[in-house]
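These notes concern the structure reproduced below.
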Amino acid sequence: MIPVAVVTGASRGIGRAIALRLLEDGFCVAVNYIHSKEAAEQLAGDWNCQGKPNRAMAVQADVSQKAQVEALFEAVRREWGDISVLVNNAGIAQQKLFTDVTPEDWDRMIGVNLSGVFYACQCALRQMLPRHAGKIINISSMWGQVGASCEVAYSAAKAGVIGLTKALAKEVGPSHITVNCIAPGVIATDMNQALDTETLGLLREETPLGVLGTPEDIAQAVSFLASPRADFITGQVWGVNGGMVI
Ligand code: NAP
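In terms of our numbering, the sequence shown opens at residue 191 and continues consecutively.
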């Protein structure tokens with residue numbers, strides 16, 4: 191049986207690289223998106239055309255909406271059966287002074303970045319617990335570890351993902367399900383498009399390895415955590431950040 195993975199927010203950036211990596215690793219992959227239908231369908235279509243039919247599927251769902259997340263998992267189960275790996279990658283960022291953050295900003299930031307992880311973990315565990323197997327990998331951020339000025343809501347949500355990871359790892363460990371977290375440093379994706387060249391240069395200088403990360407750097411780490419090589423690793427926060435947070 192081909193193992194099945196769900197990657198949220200897989201139409202672009204880090205999620206796209208993770209989906210491609212897991213496809214190369216031999217998974218069937220559900221490529222979740224919210225807006226980028228064309229990009230998600232192209233990723234899935236290109237892969238399915240390479241002589242590997244029905245290995246990738248684009249599925250629209252807003253992860254902040256419980257009913258949509260449930261529909262996503264139902265669609266995947268109907269197509270391929272129970273999932274083995276869940277990667278909670280979908281996320282949004284916002285730079286704003288804390289005093290300007292509105293309740294709506296706050297709810298959206300927590301809704302996508304933290305509640306989305308909660309809904310998807312519950313859906314995945316309904317399939318994983320009866321089988322006593324599964325791997326959940328949450329994409330947090332180094333700002334969830336150390337906090338970022340003008341990104342309080344984002345940092346709070348990502349710190350929440352770290353807390354969720356550790357607590358859930360303890361709860362489902364006896365069922366042989368691992369829950370780990372990756373805390374990326376600065377990765378060159380659309381999310382950092384708003385940063386000017388000077389700021390990006392400063393961030394590069396602050397990174398001991400002297401370079402910004404790539405989506406593939408994160409995908410390699412996910413690939414390891416999703417594999418049997420990581421069977422004895424759970425509840426960990428893995429900083430893939432060029433040494434920026436040590
Ligand atoms: P990105 O390029 O902006 O891509 C975001 C992805 O998330 C897209 O696929 C987007 O789908 C999807 N998405 C956004 N809101 C969604 C929702 N409500 N429901 C479902 N999907 C949704 O971001 P990225 O840089 O690849 O970031 C990926 C993850 O890494 C995020 O959790 C982010 O917080 C984390 N991270 C990134 C960095 C960095 O420097 N880039 C650093 C630390 C952590 P559409 O294309 O359909 O909009």
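Note that beta-carbon positions come from the ideal geometry of N, C-alpha and C, so glycine has one too.
| Item | Value |
| --- | --- |
| Count Cβ pairs between the segment 350-370 and the segment 325-335 that sit closer than 8 Å; are there 3 or more? | yes |
| For the ligand NAP, is there any heavy atom lying closer than 7 Å to the beta carbon of T198? | yes |
| Output needed for M318: all residues of its chain with C-beta closer than 6 Å, excluding positions within five of it in sequence on either side, in chain order. | G324 and I367 |
| Using DSSP's beta-bridge definition, name the partner residues of Q250. | Y223 |
| How many angstroms separate the CA atom of V336 from the CA atom of G429? | 12 Å |
| What does K325 pair with, by DSSP beta-bridge criteria? | V275 and T368 |
| To the nearest whole angstrom, what separates the beta carbons of L415 and I273, a pair I think is in contact under 8 Å? | At roughly 15 Å, the Cβ-Cβ gap does not stay under 8 Å, so L415 and I273 are not in contact. |
| Should the segment 206-226 be called in touch with the segment 275-284, which here means at least 3 C-beta pairs below 8 Å? | yes |
| S305: which of V275, D252 and F263 sits nearest, CA to CA? | D252 |
| Would you tell me roughly how many angstroms separate the C-alpha atoms of R202 and A230, rounded to the nearest one? | 8 Å |
| In the DSSP assignment, the beta strand (DSSP E) including V430 goes from what residue to what residue? | V427 to V430 |
| Are the segment 282-293 and the segment 229-244 touching, with three or more C-beta to C-beta distances below 8 Å? | no |
| Can you grab the Cα-Cα spacing for the pair P391 / A359, in whole Å? | The amino acid at residue 391 is misidentified as Pro; the sequence shows Gly. Distance between the alpha carbons of G391 and A359: 37 Å. |
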